[in-house]
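Following: one structure in structure tokens, then a few remarks.
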Amino acid sequence: MWADVRASWAIAKKDLKCYYARPGAILFGIMFPFFMFLSFAVGRDLPLERALPGLTSMVIMFSASSIGPFSIPLERRLKTFDRLLAAPISFYSILAGKMAAGALYGLAVGSIPLAVGALLGAGTEDPALLAVFLPLSSACFAAMGVMFASIPTEYPGNVNIALNFVRLPMIFVSGIFTPLAEASLEFRLISTLSPLTYANDAVRTAFGLPGAFNLLADAAGLIFFSLAFLAVGAKLHEKFIELSESPRGQRMRQRAVTAPQEATGIARPGRGLPSLRRERVASTPAFRARIGAAARGSPRDLREVDEARE
Numbered sequence: 003m004w005a006d007v008r009a010s011w012a013i014a015k016k017d018l019k020c021y022y023a024r025p026g027a028i029l030f031g032i033m034f035p036f037f038m039f040l041s042f043a044v045g046r047d048l049p050l051e052r053a054l055p056g057l058t059s060m061v062i063m064f065s066a067s068s069i070g071p072f073s074i075p076l077e078r079r080l081k082t083f084d085r086l087l088a089a090p091i092s093f094y095s096i097l098a099g100k101m102a103a104g105a106l107y108g109l110a111v112g113s114i115p116l117a118v119g120a121l122l123g124a125g126t127e128d129p130a131l132l133a134v135f136l137p138l139s140s141a142c143f144a145a146m147g148v149m150f151a152s153i154p155t156e157y158p159g160n161v162n163i164a165l166n167f168v169r170l171p172m173i174f175v176s177g178i179f180t181p182l183a184e185a186s187l188e189f190r191l192i193s194t195l196s197p198l199t200y201a202n203d204a205v206r207t208a209f210g211l212p213g214a215f216n217l218l219a220d221a222a223g224l225i226f227f228s229l230a231f232l233a234v235g236a237k238l239h240e241k242f243i244e245l246s247e248s249p250r251g252q253r254m255r256q257r258a259v260t261a262p263q264e265a266t267g268i269a270r271p272g273r274g275l276p277s278l279r280r281e282r283v284a285s286t287p288a289f290r291a292r293i294g295a296a297a298r299g300s301p302r303d304l305r306e307v308d309e310a311r312e
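When the letters of the sequence shown are read in order and numbered with this note's numbering, they come out as residues 3 to 312.
Given below as structure tokens:
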């Protein structure tokens, strides 16, 4: 067990060192939620105490869920994810390491608006409550990112596009811009399907604002979604790995690699660009004429043949 824990921590440290400053992580984890919040908050005369909980929850969600969708597809492309799978550790340890990296990254980035708010005089009324729910929220959204990273692709952009189809609607149904305490019953029922609802509700309570649920419900909701995301992500990862290792999966992957190359004529299996260039030159009438002239033994013609072949 301790070996798996050490392996998970090593994976988390490696991901934090390699991916925390990547443009994709910065764009989707920091800049995107910040400007999204500004586009809706500017002009509404929101007090800083009311705006800060929603901004903090958004930043944690986007930043914590951005590491897994960026690191796992990139490691598939570089074939380093296969080395992790071949290591003598459990598959859940690998996913736990990816999840821990996202949770720590989200916790660090989510502390920035809190620190800025404290400097501007909008401090929290219950720091202990934030100390409990911020790591719990970060872990939940990191597990969501790992679940979406199970999509069988080698390009992080494909995963982030699919992930944004879930993250963006969550912003509008989780009480970020409209407090759930002032919303209708139907809207509050829909909001229970979003983990961002429980994270935002707990942060609002820590700032002394009225919450829609009690703290036990917020904690239970975040724990439930964390376990659900991790379990579903593990099953999807295993399913797609089995598919890729099957003969059918290998044929599909080979077809996906060779079909675009053969369609464009750039390269074909076993035939590189130099060989294709020589074949095109050899098919021209001028080259055949040079071959005939070279047969008569002229050194000049032989040089021309060599130049045509290069």
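No residue lacks a Cβ here, since even glycine has one placed at the ideal position from N, Cα and C.
Note the first and the last residue of the continuous alpha helix (DSSP H) segment covering residue i.
| i | result |
| --- | --- |
| Glu51 | 50-66 |
| Glu188 | 187-193 |
| Ile178 | That residue, Ile178, is in no alpha helix (DSSP H); it is neither H nor E in DSSP. |
| Pro115 | 93-121 |
| Val134 | 129-150 |
| Phe83 | 82-88 |
| Pro197 | 197-208 |
| Arg8 | 4-21 |
Assuming residue i contacts residue j under a Cβ cut-off of 8 Å, what Cβ separation, rounded to an integer in Å, is found between them?
| i | j | result |
| --- | --- | --- |
| Leu35 | Pro158 | Checking the sequence shown, residue 35 turns out to be Pro, not Leu. 17 Å between Cβ atoms; not a contact. |
| Ser140 | Leu116 | In fact, because the Cβ distance is near 13 Å, the residues do not count as touching under 8 Å. |
| Tyr107 | Ile69 | 5 Å |
| Ala151 | Pro71 | 5 Å |
| Ile163 | Asn202 | Their Cβ separation, rounded to whole angstroms, is 24 Å, which puts Ile163 and Asn202 out of contact at 8 Å. |
| Ala145 | Phe39 | The pair is not a contact, with the Cβ atoms about 23 Å apart (cut-off 8 Å). |
| Glu156 | Arg79 | 4 Å |
With C-beta atoms as the reference, is residue i less than 8 Å away from residue j?
| i | j | result |
| --- | --- | --- |
| Ser67 | Phe143 | yes |
| Ser65 | Leu198 | no |
| Ala185 | Pro212 | no |
| Arg205 | Leu132 | Note on identity: in this sequence residue 205 is Val, with Arg being the wrong assignment. The answer is yes: Cβ separation under 8 Å. |
| Met149 | Val234 | yes |
| Asp128 | Ala214 | no |
| Pro154 | Phe83 | no |
| Leu18 | Ala103 | yes |
| Ile91 | Ala5 | yes |
| Arg169 | Met63 | yes |
| Ala124 | Leu50 | yes |
| Leu165 | Tyr200 | no |
| Gly112 | Val175 | no |
| Tyr22 | Ser73 | no |
Is there at least one Cβ from chain C nearer than 8 Å to residue i's Cβ?
| i | result |
| --- | --- |
| Ile178 | The displayed structure is made up of one protein chain only, and chain C is not part of it. |
Is it true that the region 89-99 meets the region 203-223, where meeting means three or more beta-carbon pairs spaced less than 8 Å apart?
By the criterion of at least three beta-carbon pairs nearer than 8 Å, the region 89-99 is not in contact with the region 203-223.
Cβ contact (3+ pairs, closer than 8 Å) linking the region 45-57 and the region 117-126:
Inter-segment contact for the region 45-57 and the region 117-126 is present: three or more beta-carbon pairs are separated by less than 8 Å.
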